[in-house]
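Worksheet for the structure shown next.
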Amino acid sequence: MKKLYPLFLFVILLSLFSVGSVAAQDGGGTGVSDDEVNLIAHELFCPVCENTPLDVCETQACKQWRELIRLKLSEGWTEKEIKQYFVDNYGARVLAEPPAEGFYLLVYFVPPIVILAGLFILFRAFRQWKKNDKDQVDIQIAEANSTSSSDTNDEYIARLEEEMRKRD
Amino acid sequence: MTENTPENTAPERGMPLWAQITIWSVLIALLVVIFMGLQRAQEGHVQTGAETGEFDFTMPLFEGYEYEGLQEISLVELRGKVVVLNFWASWCVTCKDEAVELEEAWRHYQPDGEVIFIGVDYVDTEPEARGYLKQYDITYPNGPDMGTKISQAFRIQGVPETYFLDRNGVVQHVQLGPFQSTAQILAVVESLLAE
Numbered sequence: 001m002k003k004l005y006p007l008f009l010f011v012i013l014l015s016l017f018s019v020g021s022v023a024a025q026d027g028g029g030t031g032v033s034d035d036e037v038n039l040i041a042h043e044l045f046c047p048v049c050e051n052t053p054l055d056v057c058e059t060q061a062c063k064q065w066r067e068l069i070r071l072k073l074s075e076g077w078t079e080k081e082i083k084q085y086f087v088d089n090y091g092a093r094v095l096a097e098p099p100a101e102g103f104y105l106l107v108y109f110v111p112p113i114v115i116l117a118g119l120f121i122l123f124r125a126f127r128q129w130k131k132n133d134k135d136q137v138d139i140q141i142a143e144a145n146s147t148s149s150s151d152t153n154d155e156y157i158a159r160l161e162e163e164m165r166k167r168d
Numbered sequence: 169m170t171e172n173t174p175e176n177t178a179p180e181r182g183m184p185l186w187a188q189i190t191i192w193s194v195l196i197a198l199l200v201v202i203f204m205g206l207q208r209a210q211e212g213h214v215q216t217g218a219e220t221g222e223f224d225f226t227m228p229l230f231e232g233y234e235y236e237g238l239q240e241i242s243l244v245e246l247r248g249k250v251v252v253l254n255f256w257a258s259w260c261v262t263c264k265d266e267a268v269e270l271e272e273a274w275r276h277y278q279p280d281g282e283v284i285f286i287g288v289d290y291v292d293t294e295p296e297a298r299g300y301l302k303q304y305d306i307t308y309p310n311g312p313d314m315g316t317k318i319s320q321a322f323r324i325q326g327v328p329e330t331y332f333l334d335r336n337g338v339v340q341h342v343q344l345g346p347f348q349s350t351a352q353i354l355a356v357v358e359s360l361l362a363e
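Chains as they are written, first to last, in the working numbering: chain A, 1 to 168; chain P, 169 to 363.
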């Protein structure tokens, strides 16, 4: 059995080398892994497949874009340079996070403004409802007081008239 | 004794005028932006009769696909010629169905110089685009749609799409999808040359 150990060792080493060669081929021989490509692709959107991040898009156009990222990475381009290349070629709309300039400023300003305006409107509405409830209660109390006072007066007048009649 | 009636409470201060004006201005501006976006989305592609003078473009050309030795082509400088503007991409399957027909038509008109074919490569990658042009032996001027400005100006809905412009730069025919034959392309061009 011990004679077989070197053979086992040889087989294990061979299998390790085979795994190594598969890993090296990952990325089309450029030495750039899918994870590295997807890290950048995740922050890009292809205009052909709107609302689908490039890293999970399966169309031919997106596959080509990912391969282009891989090529640029293998050529030593930085993430910033690659993104700029895509913006230059396909426009700023490919960025998941649009630049804070020009028309794209709306993306940054409009949602907070709308949320703040909504909160303000809600706050005012609640305050108004609360005030209306209080006013309603006040009116009811006032009406009740008025009715009760009127009843008392009526009773008093009736008794007064009764007394007057008796005297007559 | 004072009764606690609404008339006796202090009047509530309303929102300041400047705030009201600001809120209404922002709301109206937002509605205008949304309306314009929706209207543009509803418009569809540029229709026949549209004058391209409103959105003339200059497009860089791929190396080996220059026009009269120039590295870029300007639509406004092509007035007087019939222009066949074809939007394509290497990833587009149906573009391949018409690639041969377009090249055939181009070679038919090239000697006279009255008609110019221009390929606009939409949202493509250059290595694959070059491979496509080589594969189908395309020789007419071709270039990338940098920043997708040209396709946005023509409001294309997809690829392939082909716009036929008369000598005055007016869109006279729009072909959505691939051509079925070379004769189909020739028929449209001939009608424009006859004008």
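We put the beta carbon where it would ideally sit given N, CA and C, even for glycine.
C-beta atoms of residue i and residue j nearer than 7 Å
i: P/A321; j: P/F223; result: yes
i: P/A218; j: P/V357; result: no
i: P/E271; j: P/I324; result: no
i: P/R335; j: P/G248; result: yes
i: A/Y108; j: A/A100; result: yes
i: P/F332; j: P/V252; result: yes
i: P/G337; j: P/P228; result: no
i: P/F225; j: P/L246; result: no
i: A/F103; j: A/V94; result: no
i: A/I40; j: A/I82; result: yes
Assumed close pair residue i, residue j - CB separation to whole angstroms, cut-off 8 Å
i: P/A267; j: P/Y290; result: Not really, about 14 Å apart at Cβ, beyond 8 Å.
i: P/P328; j: P/T262; result: 6 Å
i: A/W65; j: P/T293; result: 6 Å
i: P/A273; j: P/I353; result: 4 Å
i: A/V110; j: P/L199; result: With a Cβ gap of about 12 Å, A/V110 and P/L199 do not count as contacting.
Short CB-CB distance (under 7 Å) between residue i and chain P
i: A/V107; result: no
i: A/Q25; result: Since pLDDT at A/Q25 reaches only 41, below the 50 mark, its modelled position is unreliable, and no value is offered.
i: A/V22; result: Caution is warranted here: a pLDDT of 39 is assigned to A/V22, below 50, making its placement in the model unreliable, and no coordinate value can be reported.
i: A/Y104; result: no
i: A/A96; result: no
i: A/Y90; result: yes
i: A/A100; result: no
i: A/A41; result: no
i: A/A61; result: yes
i: A/V48; result: yes
i: A/L68; result: yes
i: A/Q64; result: yes
Separation of residue j from residue i, as counted between CA atoms
i: P/S258; j: A/T78; result: 26 Å
i: P/F285; j: P/L361; result: 14 Å
i: A/S21; j: A/V32; result: In this prediction, A/S21 scores a pLDDT of 42, lower than 50, which makes its location untrustworthy; the coordinate-derived value is nonetheless stated afterwards. So the two alpha carbons sit approximately 14 Å from each other.
i: P/G287; j: P/L301; result: 10 Å
i: A/L122; j: A/K131; result: 14 Å
i: P/S319; j: A/Q84; result: 20 Å
i: P/E231; j: P/Q239; result: 8 Å
i: A/L105; j: P/D280; result: 50 Å
i: P/T350; j: P/V250; result: 17 Å
i: P/V201; j: P/R208; result: 11 Å
i: P/E234; j: A/T52; result: 35 Å
i: A/I69; j: A/V37; result: 6 Å
i: A/A24; j: A/T30; result: Annotation note: pLDDT 38 at A/A24 (below 50); position unreliable, no value reported.
i: P/A355; j: P/G345; result: 17 Å
i: A/E155; j: A/I139; result: 24 Å
i: P/G182; j: A/R124; result: 10 Å
i: P/V283; j: P/M314; result: 24 Å
i: P/W192; j: A/D34; result: 49 Å
i: P/I241; j: A/Y90; result: 19 Å
i: P/E363; j: P/H341; result: 13 Å
i: A/E97; j: A/L44; result: 8 Å
i: A/E162; j: A/F126; result: 54 Å
i: A/V56; j: A/K63; result: 10 Å
i: P/G326; j: A/L71; result: 27 Å
i: A/M164; j: A/I141; result: 34 Å
i: P/Q210; j: P/Q188; result: 33 Å
i: A/L119; j: P/I196; result: 19 Å
Any C-beta of chain A under 7 Å from that of residue i
i: P/W192; result: no
i: P/L185; result: no
i: P/G345; result: no
i: P/G182; result: no
i: P/W259; result: yes
i: P/E296; result: yes
i: P/G248; result: no
i: P/V291; result: yes
i: P/G287; result: no
i: P/W315; result: For the sequence presented, residue 315 of chain P should be read as Gly rather than Trp. Taking Cβ atoms only, chain A reaches closer than 7 Å to P/G315, which makes this a yes.
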